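Student: Questions regarding the structure given below will be posed in turn.
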Amino acid sequence: MAEKEMEILDDRGLDVGEDVIGDRPRRYQRRRPRQVVPEYVDWKDVEYLRGFVPERGKIMPRRISGISAKDQRRIAKAIKRARSMAMLPFVAD
Amino acid sequence: MANRTYEVMYIVNPDTPAETIGKLNEAVGKLIEKEGGTVVRMDDIGIRRLAYPIQKKEDGYYVLFEIDGSGQEIAELERRMRVNDMILRYITVRVDEDRKAATKRREKREARAAKRTKFRQAPAEAPAEA
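In order, the protein sequences belong to chains G and Z.
Here our numbering is used: the first residue of the first sequence is 1, the next is one more, and so on.
Here our numbering is used: the first residue of the second sequence is 94, the next is one more, and so on.
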């Protein structure tokens, strides 16, 4: 177990992450490596937010978008605000 | 308690005549001033397609206000918007704290970038990663 932890720590710089599902971490490959998110995420900037909303209208998971947990929370909040003002769909089909 | 900045956006029924919308916006501005706030910015975005229908309407007339104030004027404004039939939807977002956090983040990033270039210029110890 200790060995495995070391391995994960070493991977930090790469585009690999882990999710804990059940009792063991599942490793995954990020689709977009390490994105930089602007300092201020504007909930009115629909064009930017669309980049995190695939066709179905769902919010893209962090494991795909490759942004940090903190940035993901900011983006998610902005998307939800835009949704409530009908600037983004809740569901699209 | 004093200064807060808010963004207030509302969607007006697109079937209302333009002059009525103009009057409504004016009334909002006046209400804010009366309650002790200041209108920083007023943006008449206009008719925009809604992402989903609201009250059977496919379009909406968007208006955005940026307001400085204590919060009292927001309470009053929201109370009025709630009972106004012309307004399909509204949202108030407090932005001053997020903006402060954003400038802090920017400073941090710039400081880090500056440090990095300084480090790189120093001889012998070139950083391994870009």
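We treat Cβ as the ideally placed atom computed from N, Cα and C, and that holds for glycine.
This one's a predicted model, so the numbers in the text were calculated from it and none came from an experiment.
Just to make sure I have the definition right: I need the residues of chain Z whose C-beta is within less than 7 Å of the C-beta of E39 of chain G. Which are they?
Tutor: Result: A195, R198, R199.
Student: Pick from Z:V188, Z:A120, Z:D161: whose alpha carbon is nearest that of K44 of chain G?
Tutor: The shortest Cα separation from K44 of chain G among Z:V188, Z:A120, Z:D161 belongs to Z:V188.
Student: Quick check on DSSP: helix, strand or coil for K225 of chain Z?
Tutor: Lying before the first or after the last residue shown, residue 225 of chain Z is absent from chain Z, which here runs from 94 to 223.
Student: With 7 Å set as the bound, which would you pick, yes or no: does the beta-carbon of M60 of chain G sit closer than that to a beta-carbon of chain Z?
Tutor: By this cut-off, M60 of chain G is not an interface position.
Student: As a quick exercise: from G:G22, G:R26, G:V37, pick the residue whose alpha carbon is nearest that of G66 of chain G.
Tutor: Among G:G22, G:R26, G:V37, the Cα nearest to that of G66 of chain G belongs to G:V37.
Student: State the DSSP-derived secondary structure class of E166 of chain Z, mapped to helix, strand or coil.
Tutor: Three-state result, E166 of chain Z: helix.
Student: Short check: CB of V46 of chain G to CB of M87 of chain G, under 7 Å?
Tutor: Yes, they are a contact pair.
Student: For V91 of chain G and K58 of chain G, I'd like the C-alpha separation in whole angstroms.
Tutor: The straight-line gap from Cα to Cα measures roughly 7 Å.
Student: Please identify, using Cβ separations under 7 Å, the residues of the region 18 to 52 of chain G that lie next to chain Z, in order along the chain.
Tutor: Result list: E39, Y40, W43.
Student: Just mark T98 of chain Z as buried or exposed, buried being the case when its beta carbon has 16 or more other beta carbons within 10 Å.
Tutor: Classification of T98 of chain Z: buried, given that the 10 Å Cβ count is 16 or more.
Student: Check this for me: beta carbons of E100 of chain Z and E159 of chain Z, under 7 Å apart or not?
Tutor: The answer is yes: Cβ separation under 7 Å.
Student: My parser needs the alpha helix (DSSP H) runs of 4 or more residues fully inside the region 178 to 216 of chain Z; what are they?
Tutor: Listed in chain order, the complete alpha helix (DSSP H) runs (minimum 4 residues) inside the region 178 to 216 of chain Z are 189 to 214.
Student: Starting from T98 of chain Z, trace the beta strand (DSSP E) in both directions and tell me its first and last residue.
Tutor: Unbroken beta strand (DSSP E) run through T98 of chain Z: 97 to 105.
Student: Less than 7 Å between CB atoms is the rule here; does P54 of chain G satisfy it with respect to chain Z?
Tutor: So, not an interface residue.
Student: At which residues does the beta strand (DSSP E) containing R27 of chain G begin and terminate?
Tutor: Here the beta strand (DSSP E) through R27 of chain G covers 24 to 29.
Student: Determine the extent of the beta strand (DSSP E) in which I21 of chain G is found, giving its start and end residues.
Tutor: 16 to 21 is the extent of the beta strand (DSSP E) around I21 of chain G.
Student: What are the boundary residues of the alpha helix (DSSP H) that A78 of chain G is part of?
Tutor: Per DSSP, A78 of chain G belongs to the alpha helix (DSSP H) from 69 to 84.
Student: Tell me whether F212 of chain Z is buried or exposed, calling it buried when 16 or more other Cβ atoms sit within 10 Å of its Cβ.
Tutor: When all chains shown are included, F212 of chain Z counts as exposed.
Student: For Q165 of chain Z versus E128 of chain Z, is the C-beta distance shorter than 7 Å?
Tutor: Yes, Cβ-Cβ distance for Q165 of chain Z and E128 of chain Z is below 7 Å.
Student: Provide the residue(s) that pair with R142 of chain Z in DSSP beta bridges, ordered along the chain.
Tutor: Answer is Z:D152.
Student: Out of curiosity, what's the CA-to-CA distance linking K80 of chain G and I184 of chain Z?
Tutor: So the alpha carbons of these two residues sit roughly 12 Å apart.
Student: Could you give the DSSP three-state label for R134 of chain Z: helix, strand or coil?
Tutor: In this structure, R134 of chain Z counts as strand in the three-state DSSP scheme.
Student: What in chain Z is Cβ-close to S84 of chain G, meaning under 9 Å?
Tutor: In chain order: R182, I184.
Student: Kindly say whether A144 of chain Z, judged by its beta-carbon, lies nearer than 7 Å to any beta-carbon of chain G.
Tutor: Closer than 7 Å to some Cβ of chain G, the Cβ of A144 of chain Z qualifies, so yes.
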